[in-house]
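Asker: Dumping the structure here so I can ask a few things about it.
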Amino acid sequence: EAGVVQSPRYKIIEKKQPVAFWCNPISGHNTLYWYRQNLGQGPELLIRYENEEAVDDSQLPKDRFSAERLKGVDSTLKIQPAELGDSAVYLCASSLRPEGEQYFGPGTRLTVT
Amino acid sequence: SQQGEEDPQALSIQEGENATMNCSYKTSINNLQWYRQNSGRGLVHLILIRSNEREKHSGRLRVTLDTSKKSSSLLITASRAADTASYFCATEQAGTALIFGKGTTLSVSS
Numbered sequence: 009e010a011g012v013v014q015s016p017r018y019k020i021i022e023k024k025q026p027v028a029f030w031c032n033p034i035s036g037h038n039t040l041y042w043y044r045q046n047l048g049q050g051p052e053l054l055i056r057y058e059n060e061e062a063v064d065d066s067q068l069p070k071d072r073f074s075a076e077r078l079k080g081v082d083s084t085l086k087i088q089p090a091e092l093g094d095s096a097v098y099l100c101a102s103s104l105r106p107e108g109e110q111y112f113g114p115g116t117r118l119t120v121t
Numbered sequence: 522s523q524q525g526e527e528d529p530q531a532l533s534i535q536e537g538e539n540a541t542m543n544c545s546y547k548t549s550i551n552n553l554q555w556y557r558q559n560s561g562r563g564l565v566h567l568i569l570i571r572s573n574e575r576e577k578h579s580g581r582l583r584v585t586l587d588t589s590k591k592s593s594s595l596l597i598t599a600s601r602a603a604d605t606a607s608y609f610c611a612t613e614q615a616g617t618a619l620i621f622g623k624g625t626t627l628s629v630s631s
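Here the protein sequences come in this chain order: A and B.
Counting in the working numbering, the first sequence runs from 9 upward without gaps.
Counting in the working numbering, the second sequence runs from 522 upward without gaps.
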């Protein structure tokens, strides 16, 4: 069984530039999550999807961040424009049910210079 | 905001020794989960313990949960160099997503 796939693995951009991250969850997993992990911290939820519906986006900075999950499968997280403080690892996870264990992708390490 | 808080922040042991990590949380939960993260990798689920359970085992892992003290512990027995990683506890309340702690960094030397 293929795991959660994320791309790119690494991204370096200048501040004020846009950036996008892509995630392909495990087949059949209806719940998809985007997390941000700062250095030395645990992951913090940005947005959670049930199929194509965003059911929890309270922690997503909506002035610059956007996400979509078309057709309830793949998802894209976008930042526009990026700021220095956005440097972090962006993790995507999926689960079979809203509660229970989550399966994480390898993450995208973003560096904003 | 982070509900779970792991203790210690860092732990260094020799191969063959046991490693114990603790997690405290603030509000009532549905379940508590432990994850491992190797350097530069995503998180891997280790074990889930529900609020009505007190202890669970999985291989060399033993997790306890004390809801009256709002705390959990993760014991890794007979540690190996490959256990070197960061370990996170995460709590789940009804209808909400996981909230992770800051993690314990475990270093096992051979």
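Beta carbons are placed, not taken as given, at the ideal position from N, Cα and C, and that holds for glycine.
Is there at least one Cβ from chain A nearer than 9 Å to B/I570's Cβ?
Answerer: Not one chain A Cβ lies under 9 Å of B/I570.
Asker: Determine which residues of the stretch 67-80 of chain A have a Cβ less than 8 Å from any Cβ of chain B, and write them out in chain order.
Answerer: Listed by position along the chain: nothing, the set is empty.
Asker: Tell me the DSSP bridge mates of A/R56?
Answerer: Looking at the DSSP assignment, A/R56 forms a beta bridge with A/Y41 and A/D64.
Asker: Whole-angstrom Cβ separation of A/L40 and A/C100, contact assumed at under 8 Å?
Answerer: With 8 Å as the limit, A/L40 and A/C100 qualify as a contact, their Cβ atoms being about 7 Å apart.
Asker: Whole angstroms are fine: how far does the CA of A/S83 sit from the CA of B/N543?
Answerer: So the alpha carbons of these two residues sit roughly 35 Å apart.
Asker: Is the beta carbon of B/D587 closer than 9 Å to that of B/R575?
Answerer: Contact flag set, yes.
Asker: Go through its chain and collect everything with a Cβ distance to B/Y546's Cβ below 6 Å, but skip five positions before and after it.
Answerer: Result list for B/Y546: Q524, G525, K591 and T612, in chain order.
Asker: Taking A/I20 and A/T116 to be in contact with their CB atoms under 8 Å, please state how far apart those CB atoms are, rounded to whole angstroms.
Answerer: Going by Cβ atoms, the distance from A/I20 to A/T116 rounds to 11 Å, so no, they are not a contact pair.
Asker: Report yes or no: do the stretch 22-31 of chain A and the stretch 47-67 of chain A share at least 3 C-beta pairs separated by less than 8 Å?
Answerer: Flag = no, the stretch 22-31 of chain A and the stretch 47-67 of chain A do not touch.
Asker: Starting from the Cα of B/G622, find the closest Cα among B/L567, B/Y608, B/S628 and B/N552 and give me that residue.
Answerer: Comparing Cα positions, the closest option is B/Y608.
Asker: Quick check on B/L532: does DSSP put it in helix, strand or coil?
Answerer: Of the three classes helix, strand and coil, the one that applies to B/L532 here is strand, per DSSP.
Asker: For A/E105, go through chain B and note every residue whose CB falls closer than 9 Å to its CB, in chain order.
Answerer: In the sequence as presented, Glu is not what sits at residue 105 of chain A; that position holds Arg. Those within 9 Å of A/R105 in chain B number zero; the least Cβ separation is about 11 Å.
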